[in-house]
Amino acid sequence: MTATTGPRVATAAPRLIYRRPELLAEDSTHYCPGCGHGVVHRLVAEVLGELGLGPRTIAVAGVGCAVFAYDYLRLDFCEAPHGRAPAVATGIRRVRPDAFVLTYQGDGDMAAIGTAEIVHAAARGELITAIFVNNGVYGMTGGQMAPTTLLGQKTTSTPGGREAALHGYPLPITEMLALLPGVAYAARGSVVDPGAIGKTKAYLRKACEVQLAGAGFAIVEVISTCPVGWGMTPRESIDWLRDAVAEVYPPGVVVDRTKTVPVAPAPAAAGSEG
Ligand SMILES: Cc1ncc(C[n+]2csc(CCOP(=O)(O)OP(=O)(O)O)c2C)c(N)n1
Ligand code: SF4
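The opening position of the sequence shown corresponds to residue 157 in our numbering, with each subsequent residue numbered one higher.
Here it is in structure tokens:
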């Protein structure tokens with residue numbers, strides 16, 4: 157009996173679509189379904205990994221749902237009291253000029269209790285990279301109004317919707333900080349869809365490069381979802397993010413002074429002076 161051989165079928169080499177970044181731990185997270193924090197964590201892990209910054213990074217976690225970021229990112233982390241991450245990061249960066257320092261804060265943490273710290277760190281042009289996840293509410297404590305909450309938005313502390321006369325207007329923190337000359341770079345990304353997530357990654361990368369170049373303070377705001385705090389399904393929260401949140405907080409580069417400010421050389425890494 158002769159063996160029959162069929163036509164040769166060329167088997168294409170498998171194409172890698174996605175791999176868990178090395179700096180992202182393999183644990184599952186405590187985040188609710190549809191929460192944007194996990195997406196931002198992945199982007200942070202990808203960018204720091206691609207820039208080879210993992211070993212020299214000291215991150216500072218704020219207080220909020222992402223307080224456990226240190227469990228999910230394989231980085232040295234320091235925990236700051238509520239709102240104080242930029243002050244803690246300032247101290248770390250000044251005593252460890254070889255370190256790469258980033259902060260990770262929510263909008264309650266940065267734009268409410270920590271307003272003074274972020275404003276003054278930015279005004280001083282501290283060489284830190286600030287990540288600001290704006291989901292428009294205090295997620296961790298039950299979805300209360302934050303300074304970033306939209307007018308008309310219902311929260312557990314504004315059941316009738318936020319009213320300007322009673323609760324003030326939403327605070328555009330990134331645009332406010334962008335006025336300060338110490339801010340070398342400010343941008344706003346979104347987790348609304350893969351295209352927006354790709355742009356957010358580019359903003360984060362640039363904000364890291366700004367610190368490496370010693371150009372000044374850099375901030376990336378990411379408008380994000382909190383389906384539980386918003387009383388929505390994950391699907392509805394994506395629509396709300398696209399239609400309502402992005403209208404008030406439009407994604408894009410807010411300021412880029414790296415073209416006009418002379419860029420100082422990056423500080424030498426520890427041990428490089430031989
Ligand atoms: C000094 C102090 N005040 C209040 C709290 C309670 N608290 C914990 S998290 C939080 C809000 C966090 O909201 P946000 O920063 O927007 O983060 P999210 O949970 O939405 O990601 C508050 C008020 C606290 N832990 N410490
Ligand atoms: S409460 Fe909101 S911010 Fe916190 S984990 Fe759940 S969806 Fe995310």
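Where a beta carbon is used, it is the ideal one built from N, C-alpha and C, also for glycine.
When the beta-carbon positions are compared, Cys382 and Val293 come within less than 8 Å of each other.
It is roughly 49 Å from the alpha-carbon of Asp227 to the alpha-carbon of Arg164.
Bounds of any beta strand (DSSP E) do not take in Tyr226; it lies within the alpha helix (DSSP H) bounded by Ala225 to Tyr228. Between the beta-carbon of Ile274 and that of Val196 there is about 17 Å, and that puts the pair past the 8 Å contact cut.
In the structure shown, Gly270 falls within a coil segment according to DSSP collapsed to helix, strand and coil. Taking C-alpha positions only, Val347 is separated from Cys188 by approximately 15 Å.
The shortest CA-to-CA distance from Ile269 to any of Ala342, Met301 and Leu335 is the one to Met301. Residue selection by CB proximity (closer than 5 Å to any heavy atom of ligand 2) returns Tyr187, Cys188, Cys191, Cys221, Gly295, Cys382, Val384 and Gly385 in chain order. Closest in alpha carbon position to His238, among Gly205, Asp263 and Leu335, is Asp263. Three or more Cβ pairs closer than 8 Å define a contact, and the segment 228-236 meets that threshold against the segment 209-216.
Checking the 7 Å criterion, the Cβ of Ala352 is out of range of every heavy atom belonging to ligand 1. The segment 323-343 makes contact with the segment 357-364: 3 or more CB pairs, one atom from each, lie closer than 8 Å. Not one heavy atom of ligand 1 sits closer than 7 Å to the Cβ of Asp254. With fewer than three CB-CB distances shorter than 8 Å, the segment 361-375 does not count as touching the segment 386-400. When C-alpha distances from His186 are compared across Pro242, Ala352, Glu206 and Ala225, the shortest belongs to Ala225.
Runs of beta strand (DSSP E) with 3 or more residues, each lying fully within the segment 250-336, are found at 256-262 and 285-290, listed in chain order.
With 16 or more other CB atoms across the displayed protein chains lying within 10 angstroms of its CB, Ile284 is buried.
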